[in-house]
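Working notes, structure below.
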Ligand code: NAD
């Protein structure tokens, strides 16, 4: 069986802890791979290598860094298909969706290629008598990234390209459920000319994560995953003196106003709710229908959802693949099975679905729940599967109040033809990313990604300008160069004044 080992110091390093985890092909249910699970000592070894590499990389020129990043961009572009296939084999998402994931990760590498412009400092001349002030930004040192299963290539690429462009060295701890893509990303970085030790991959579970959170030589931690773990990461790493950005889970609402184009809204709801089998942190999992359109909208969603073809991700005709594990599939199914008892009308029940010839795959069909109550489990929890809840609101204000009462605040969308309502919505809604007639408003690479409330712990969103700020520390240098002809100013014990 294939084994995924660590990547430390520019080479494969076999796991030494003796612990391995299973990696399953979700379409067949077969364990195809085992992944090494690092001990705290192995994490320490990786951090030490990264610390050593920082001595040179932290001092490297911007020209040297961007040379590598441009070469990396070209290599990733040439290997899109291969990386997408690795994702599909372990995550299960369909190949076209995996290609989209690679493309959105590549966007951050492209952003990092422009670091020469983004890291320019600021200078104020003559702030006082012959005094100039320069503001510069410097790397932090060794930074760690801990990433979720649902985007095994894109989310790591939200982090390490910018971190290393800023001069840091990086230790990535990918999800143990689909670890292979991360190693391939690191191998290609070496091929692009990245010096050994600048990007390291350590596989593992809670043991490895906690070792990173507590390690004295890790300066900062980027995390993306579920809300309870994000909270744990933020609390623990902060207590150990680290800078932390911890992005958590979500329940993303789509508000559909009575004047919306209902066909466009239904297309968007189906794409955003069921794409990647609902395993996206920006998936729409709750539609809020305002006014009298609810029944029409639900019918249009049902018609479209019934036509979605479910099958293995490597079959080009499949539109939706399986879920990550059998246990997760069963948990998702339990929400659908319990929905009616909590007041919902089950319009589509995807439980019990299977694909002929692949009965051991982690299959589930599409579910649509209508008249969902806000106190029900299906509404309150992040289900993270192909289950769309529809709620009803009488007015725009009721709809926004419902959305704002959610503890999550990742993304949200409004569908309307009324520009005034859309404008109010973008100002009034409590979420970090807002779409107007756009159901999955994932910001482009040069804007930052991040939610509010329980969807993000820490002050910095990820990538974009926030990413560059997160991976650098500001420094302000105040300089006086007296004119050669100037006499000494003499002793002055007063606090420096600006004149
Ligand atoms: P997860 O929280 O279970 O795991 C994320 C990472 O944390 C993994 O690397 C895992 O090994 C590690 N981990 C798990 N349990 C841990 C523990 N007890 N202590 C320390 N580390 C632990 O998340 P997941 O199931 O892999 O991913 C799905 C979740 O991620 C969903 O909630 C989804 O909304 C969220 N997500 C959020 C965003 C975002 O940008 N906000 C993006 C993608 C995914």
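In the numbering used here, the protein residues as written are 169 to 667.
Heads up, the beta-carbon is just placed ideally off N, CA and C, and yes, glycines get one too.
Cβ-Cβ distance between residue i and residue j below 7 Å
i           : j           : result
residue 577 : residue 594 : no
residue 453 : residue 505 : no
residue 262 : residue 450 : no
residue 336 : residue 367 : no
residue 242 : residue 425 : no
residue 324 : residue 343 : no
residue 596 : residue 558 : no
residue 326 : residue 614 : no
residue 415 : residue 438 : no
residue 456 : residue 423 : yes
residue 490 : residue 530 : yes
residue 628 : residue 617 : no
residue 215 : residue 385 : yes
residue 255 : residue 266 : yes
residue 195 : residue 268 : no
residue 199 : residue 192 : yes
residue 547 : residue 555 : no
residue 183 : residue 528 : no
residue 421 : residue 571 : yes
residue 360 : residue 251 : no
residue 515 : residue 560 : no
Ligand 2 heavy atom lying under 6 Å from the CB of residue i
i           : result
residue 334 : With respect to ligand 2, the structure shown offers nothing to examine, as its ligands consist of ligand 1.
Inter-residue CB distance, residue i and residue j (contact presumed, cutoff 8 Å)
i           : j           : result
residue 538 : residue 513 : 4 Å
residue 640 : residue 305 : 4 Å
residue 635 : residue 380 : Contact doesn't hold; Cβ gap of about 19 Å is too wide.
residue 347 : residue 172 : 5 Å
residue 382 : residue 408 : 5 Å
residue 363 : residue 224 : 7 Å
residue 387 : residue 310 : 6 Å
Alpha-carbon to alpha-carbon, residue j and residue i
i           : j           : result
residue 244 : residue 353 : 8 Å
residue 234 : residue 532 : 44 Å
residue 580 : residue 293 : 44 Å
residue 389 : residue 253 : 29 Å
residue 625 : residue 663 : 39 Å
residue 462 : residue 237 : 49 Å
residue 442 : residue 272 : 19 Å
residue 458 : residue 600 : 22 Å
residue 289 : residue 301 : 11 Å
residue 297 : residue 657 : 11 Å
residue 333 : residue 435 : 39 Å
residue 591 : residue 552 : 29 Å
residue 542 : residue 575 : 12 Å
residue 518 : residue 534 : 5 Å
residue 507 : residue 365 : 50 Å
residue 642 : residue 303 : 7 Å
residue 608 : residue 377 : 30 Å
residue 375 : residue 473 : 41 Å
residue 584 : residue 523 : 38 Å
residue 248 : residue 318 : 17 Å
residue 536 : residue 549 : 16 Å
residue 141 : residue 620 : As shown, the chain starts at 169 and ends at 667. That puts residue 141 outside it, with no answer to give.
residue 270 : residue 357 : 15 Å
residue 312 : residue 338 : 6 Å
residue 431 : residue 468 : 7 Å
residue 209 : residue 185 : 9 Å
residue 665 : residue 295 : 11 Å
residue 229 : residue 649 : 27 Å
residue 448 : residue 493 : 15 Å
residue 444 : residue 487 : 9 Å
residue 218 : residue 433 : 48 Å
Worksheet item: With a cut-off of 8 Å, do at least 3 Cβ pairs link the region 383-403 to the region 356-370?
Response: no
Within the chosen definition, does the region 492-508 reach the region 276-294 through at least 3 CB pairs nearer than 8 Å? no
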